[in-house]
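Numbered per full-length UniProt numbering, the sequence shown spans residues 1 to 227. Shown next, in structure tokens, is the structure this report addresses.
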Amino acid sequence: MTNSPTPESLGRHTDYGHDGLIESDITGHPLDHFAQWIREAEAAEIFEPNAMVLSTIDPDGRPSSRTVLLKGLETGSTPEHPFGALEFVTNYESRKGRALLKNPQASVLFPWYAMKRQIIITGVVEPTEPVLSDSYFDRRPHGARLAAIASDQSQPVDTRDELDVRMARLEADFPDGTHIPRPEKWGGFRLIPATIEFWQGRSMRFHDRLFFTRQPDGTWTRERLQP
Ligand SMILES: Cc1cc2nc3c(=O)[nH]c(=O)nc-3n(C[C@H](O)[C@H](O)[C@H](O)COP(=O)(O)O)c2cc1C
């Protein structure tokens, strides 16, 4: 118990500084601004700046969250993705995969605490085309491709050994340099953004929030939300 956080440590009030976010900072497409914040997070060398907390809802209405990595970003400038797109890869039979295939509503949250920034994007997901999933799979390191085959993600397993034995068999079947076909259970999802919120921490918990909503014609409206 001695290592538990104390009421004092949990109750601390760190001041988030003065750098604000004003309306004129985001004049173009909000996804362009999102791309700029990712570049700034990369430049600030925060760990895994493309990590995002993905929340889904299962058929019983129960929410669940977990981290995934943003693997592709379309900012809305291409005819294929006029509303923009955020792509990530996972196992379609995992808890999140099953939830999303039943209910495509999703939210992703980028928690850039070190920068006193947060972005939340909501929308609807769709599985990516098999050829695109193939190209994401082929870009994974050899071991990560085998791990995607070996793991029945989210299913219980008796021991770690069982997983290691599966991996050893796959390593024997697919030595380094051999082609590894993508398993059907693994692939990409594409989130089509419907709302985007930029949050910038400021002094005295009086933060800035700019909230964008996509309109049916693809344009975005902006509101300032109270902190
Ligand atoms: C930094 C980080 C990155 C991760 N990236 C992914 C990812 O891109 N895809 C994925 O399926 N799981 C990723 N995971 C693991 C997930 O958070 C999660 O444990 C796993 O996908 C199973 O989730 P589920 O049971 O809710 O489906 C990542 C975890 C961390 C901490």
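Cβ atoms here follow ideal geometry from the backbone N, Cα and C, with glycine treated the same way.
For residue 188: DSSP bridge partner residues: Working through the sequence shown from its first residue, we reach residue 188 at position 188. Looking at the DSSP assignment, residue 188 forms a beta bridge with 89.
Residue 131, enclosing alpha helix (DSSP H) - first and last residue: What you label residue 131 is simply residue 131 of the sequence shown in a count that begins at 1. Taken as a continuous stretch (DSSP letters only), the alpha helix (DSSP H) holding residue 131 covers 130 to 138.
CA nearest to the CA of residue 112, picked from 208, 209, 49: The residue you call residue 112 lines up with position 112 of the sequence shown. When each option's Cα is compared against that of residue 112, the closest is 49.
Sufficient close CB pairs (3 or more, under 8 Å) joining the segment 161 to 168 to the segment 48 to 63: In the pairwise beta carbon analysis, the segment 161 to 168 is classified as not touching the segment 48 to 63: fewer than three pairs are separated by under 8 Å.
Short Cβ contact (8 Å threshold) for residue 174 with residue 146: If you number the sequence shown from 1, residue 174 lands on position 174. If you number the sequence shown from 1, residue 146 lands on position 146. In this structure, residue 146 lies closer than 8 Å to residue 174 by Cβ.
Strand pairing of residue 117, partner residues [DSSP]: By 1-based counting over the sequence shown, the position of residue 117 is 117. 112, 200, per the DSSP bridge assignment.
Sufficient close CB pairs (3 or more, under 8 Å) joining the segment 180 to 195 to the segment 125 to 136: yes
Contact test: residue 3 Cβ vs ligand 1 heavy atom, cutoff 7 Å: Taking the sequence shown and counting its residues from 1, one reaches residue 3 at position 3. No, the beta carbon of residue 3 sits no closer than 7 Å to any heavy atom of ligand 1.
Residue 194 and residue 125 closer than 8 Å at C-beta: Here residue 194 refers to the residue found at position 194 of the sequence shown. Here residue 125 refers to the residue found at position 125 of the sequence shown. No, the pair does not count as a contact, with Cβ atoms beyond the cut-off.
Residue 105: CB within 7 Å of a non-hydrogen atom of ligand 1: For the purposes of this step, residue 105 is taken as the residue at position 105 of the sequence shown. No; taking the cut-off as 7 Å, the Cβ of residue 105 has no heavy atom of ligand 1 nearer than that.
Spatially closest choice to residue 185 from 52, 128, 10, 73, by CA coordinates: Here residue 185 is taken as the residue at index 185 of the sequence shown, counted from 1. Of 52, 128, 10, 73, the residue nearest in Cα terms is 128.
Closer than 7 Å: residue 153 CB and nearest ligand 1 heavy atom: Within the sequence shown, the letter at position 153 stands for residue 153. Checking the Cβ of residue 153 against ligand 1 gives yes.
Residues near residue 221 in its chain [Cβ-Cβ closer than 8 Å; skip 5 each side]: As a working note, residue 221 is residue 221 in the sequence shown. Correct list, in chain order: 212, 213, 215.
Residue 17 classed as buried or exposed, judged by whether at least 16 other C-beta atoms fall within 10 angstroms: The residue you call residue 17 lines up with position 17 of the sequence shown. With fewer than 16 Cβ atoms within 10 Å of its Cβ, residue 17 is classed as exposed.
Rounded Cβ spacing between residue 191 and residue 69 (contact assumed at less than 8 Å): The residue labelled residue 191 in the question sits at position 191 within the sequence shown. The residue labelled residue 69 in the question sits at position 69 within the sequence shown. Not really, about 13 Å apart at Cβ, beyond 8 Å.
Cβ contact (3+ pairs, closer than 8 Å) linking the segment 140 to 160 and the segment 77 to 97: yes
Residue 147: CB within 7 Å of a non-hydrogen atom of ligand 1: Residue mapping note: residue 147 aligns to position 147 of the sequence shown, counting from 1. Answer for residue 147: no, Cβ out of range of ligand 1.
Within 8 Å, strictly: CB atoms of residue 37 and residue 139: For this step, residue 37 is matched to residue 37 along the sequence shown. For this step, residue 139 is matched to residue 139 along the sequence shown. Result no, Cβ atoms of residue 37 and residue 139 do not sit closer than 8 Å.
Of the residues 196, 200, 199, 143, the one placed nearest residue 172, counting alpha carbons only: Start at 1 with the first residue of the sequence shown, and residue 172 comes out as number 172. Checked all of 196, 200, 199, 143; the closest Cα to residue 172 is 143.
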